[in-house]
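Chemist: With the working numbering applied, the sequence shown has no gaps in its numbers, which climb one by one up to 337 at the end.
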Amino acid sequence: MKNKYRILKIVVTVIILGLLLSFSLKRFSGQKITDNKISVKMNEKTPVYFVDEKDIREIVKKENPSGKVGDLNIPALEKKINSLPAVDSANVYLNLNGKLNLDIKQRVPVFRLNKEGKDFYVDEKGVEFPISRTYSHPCMLVTGNVQPDEYEKLAELVGKIDKDDFSKKFFIGISKNKDSYNLLTSEGNYRVEIGDLENIDFKVKGFKTFVEKYLVYQDPQKYSMVSVKYQNQIVTTLNPHFKENDSILKAGKLEMAKAPALTAAAKKADATPKIAEVKKTSSPPVKPKESTKPKTQAKETKKTEKKTTAPAQSKPKPKPKVKIE
Numbered sequence: 013m014k015n016k017y018r019i020l021k022i023v024v025t026v027i028i029l030g031l032l033l034s035f036s037l038k039r040f041s042g043q044k045i046t047d048n049k050i051s052v053k054m055n056e057k058t059p060v061y062f063v064d065e066k067d068i069r070e071i072v073k074k075e076n077p078s079g080k081v082g083d084l085n086i087p088a089l090e091k092k093i094n095s096l097p098a099v100d101s102a103n104v105y106l107n108l109n110g111k112l113n114l115d116i117k118q119r120v121p122v123f124r125l126n127k128e129g130k131d132f133y134v135d136e137k138g139v140e141f142p143i144s145r146t147y148s149h150p151c152m153l154v155t156g157n158v159q160p161d162e163y164e165k166l167a168e169l170v171g172k173i174d175k176d177d178f179s180k181k182f183f184i185g186i187s188k189n190k191d192s193y194n195l196l197t198s199e200g201n202y203r204v205e206i207g208d209l210e211n212i213d214f215k216v217k218g219f220k221t222f223v224e225k226y227l228v229y230q231d232p233q234k235y236s237m238v239s240v241k242y243q244n245q246i247v248t249t250l251n252p253h254f255k256e257n258d259s260i261l262k263a264g265k266l267e268m269a270k271a272p273a274l275t276a277a278a279k280k281a282d283a284t285p286k287i288a289e290v291k292k293t294s295s296p297p298v299k300p301k302e303s304t305k306p307k308t309q310a311k312e313t314k315k316t317e318k319k320t321t322a323p324a325q326s327k328p329k330p331k332p333k334v335k336i337e
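Here's what the structure looks like:
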């Protein structure tokens with residue numbers, strides 16, 4: 013009897029709790045999500061304003077026209093917000109009091125890329141997204157035919173430049189010419205050629221040493237390019253429009269002009285012995301006089317050879333008969 017009473021008591025309690033729960037759920041689902049019950053938080057460390065809070069509230073209203081909690085599809089709303097190009101991630105959830113929370117993390121651009129006449133941003137993960145009509149984020153400008161597989165390394169390079177006071181002061185842009193990257197500087201018209209995106213720390217350190225040890229004593233307009241892409245050496249290119257470089261450039265042109273004359277003289281020097289040899293072979297042989305003594309015959313032949321070679325050198329034969337190979 014006691015067991016039946018206990019079972020009946022448990023069943024009644026469960027029924028009462030079920031009724032209370034269903035009543036609470038109906039009341040909760042019937043609540044309306046007003047503007048003051050929508051909380052939008054931007055969780056990025058660097059403040060960006062690609063996504064406006066008003067736009068998020070409008071998306072919530074479109075996804076839930078009735079405004080009731082029970083009609084809200086949280087997974088669909090979260091997917092809709094994540095589909096925005098400037099949104100990195102979104103987390104949507106409801107509190108027990110019917111308050112809708114939206115935690116949104118926007119994409120923070122590392123650099124702005126101008127490629128084939130189009131401008132767009134690229135974040136630290138190498139993901140590109142379009143620029144905004146209402147907001148422009150200050151970041152490094154990159155130009156050239158940069159491939160998507162280079163985005164992450166390029167973002168890493170820009171991050172290192174932003175963290176270093178020296179690099180941030182000097183470098184204001186990056187350009188890619190064919191397969192070589194160049195850093196554009198704020199002082200002078202010269203660019204710093206770094207080649208590929210490998211060993212960036214070593215290359216920037218080499219340029220820093222060049223600036224501190226030498227370039228600080230020079231006019232920054234003197235050079236058009238400083239190359240640090242080669243290992244353990246720095247190559248500079250003079251600016252042709254800088255007046256003080258005129259004397260150096262003229263001297264270089266004179267040295268280049270002398271080079272063909274020296275090569276021509278060397279060719280003539282090589283050709284003269286060949287002509288003499290041909291003349292020797294082309295001269296008719298002299299018949300030695302018959303004699304019984306071999307020693308005198310050798311002496312006579314030597315004399316005749318000397319006599320024949322002398323006039324050959326003094327009176328050269330016409331050029332058409334001489335062949336130079």
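Beta carbons are placed, not taken as given, at the ideal position from N, Cα and C, and that holds for glycine.
Note that the coordinates shown come from a computational prediction; the quantities given were computed from them, not determined experimentally.
Measuring only the C-alpha atoms, how far is D213 from R69?
Modeler: Taking the sequence shown and counting its residues from 1, one reaches residue 213 at position 201. Taking the sequence shown and counting its residues from 1, one reaches residue 69 at position 57. Distance between the alpha carbons of D213 and R69 is about 45 Å.
Chemist: Nearest CA to the CA of V58: which residue from V122, R18 and V170?
Modeler: In the sequence shown, the residue the question calls residue 58 occupies position 46. For the sequence presented, residue 58 should be read as Thr rather than Val. Selected option, being the one with the closest Cα: V122.
Chemist: Output the boundary residues of the beta strand (DSSP E) element that contains D115.
Modeler: Against the sequence shown, residue 115 aligns to sequence position 103. Per DSSP, D115 belongs to the beta strand (DSSP E) from L112 to Q118.
Chemist: Note the first and the last residue of the continuous alpha helix (DSSP H) segment covering G138.
Modeler: Numbered from its first residue, the sequence shown carries residue 138 at position 126. No alpha helix (DSSP H) contains G138, which DSSP labels as neither H nor E.
Chemist: Please identify the residue among F132, F178 and N211 whose C-alpha is closest to the C-alpha of R119.
Modeler: Position 107 of the sequence shown, counted from the first residue, corresponds to residue 119. Comparing Cα-Cα distances from R119 to each of F132, F178 and N211, the minimum goes to F132.
Chemist: Just grab the DSSP bridge partners of A102 for me.
Modeler: Stepping through the sequence shown from its first residue, residue 102 is reached at position 90. Looking at the DSSP output, A102 shares a beta bridge with I116.
Chemist: Could you give the uninterrupted runs of the beta strand (DSSP E) lying entirely in the region 37-85, keeping only those of 3 residues or more?
Modeler: Listed in chain order, they are 50-54.
Chemist: To which residues of the same chain is L106 closer than 8 Å at the C-beta, ignoring the five residues directly before and after it?
Modeler: Position 94 of the sequence shown, counting from 1, holds the residue named residue 106. Within the same chain, and ignoring the five residues on either side of L106 in sequence, the residues whose Cβ sits closer than 8 Å to its Cβ are V81, L84, I86, L112 and N113.
Chemist: Below 8 Å, can you find three or more Cβ-Cβ pairs linking the region 148-161 to the region 182-201?
Modeler: yes
Chemist: Along the chain, where does the alpha helix (DSSP H) containing Y235 start, and where does it finish?
Modeler: Numbered from 1 along the sequence shown, position 223 holds the residue referred to as residue 235. Y235 -> not in any alpha helix (DSSP H); beta strand (DSSP E) instead, spanning Y235 to S239.
Chemist: Check the DSSP bridge columns for T248 and list the partner residues they point to.
Modeler: What you label residue 248 is simply residue 236 of the sequence shown in a count that begins at 1. DSSP output for T248 lists V238 as bridge partner(s).
Chemist: For K172, which residues from the same chain have a beta carbon less than 8 Å from its beta carbon, with the 5 sequence-adjacent residues on both sides left out?
Modeler: What you label residue 172 is simply residue 160 of the sequence shown in a count that begins at 1. Counting only Cβ-Cβ distances below 8 Å, and skipping sequence neighbours, we find S179, I212, D213 and V216.
Chemist: Rank G207, D64 and V238 by C-alpha distance to the C-alpha of I116 and give the top, closest one.
Modeler: For the purposes of this step, residue 116 is taken as the residue at position 104 of the sequence shown. It is D64 whose Cα lies nearest to the Cα of I116.
Chemist: Relative to the C-alpha of I50, which candidate in F183, N76 and D135 has its C-alpha closest?
Modeler: Here the question's residue 50 lines up with position 38 in the sequence shown. Minimum Cα distance to I50 is reached at N76.
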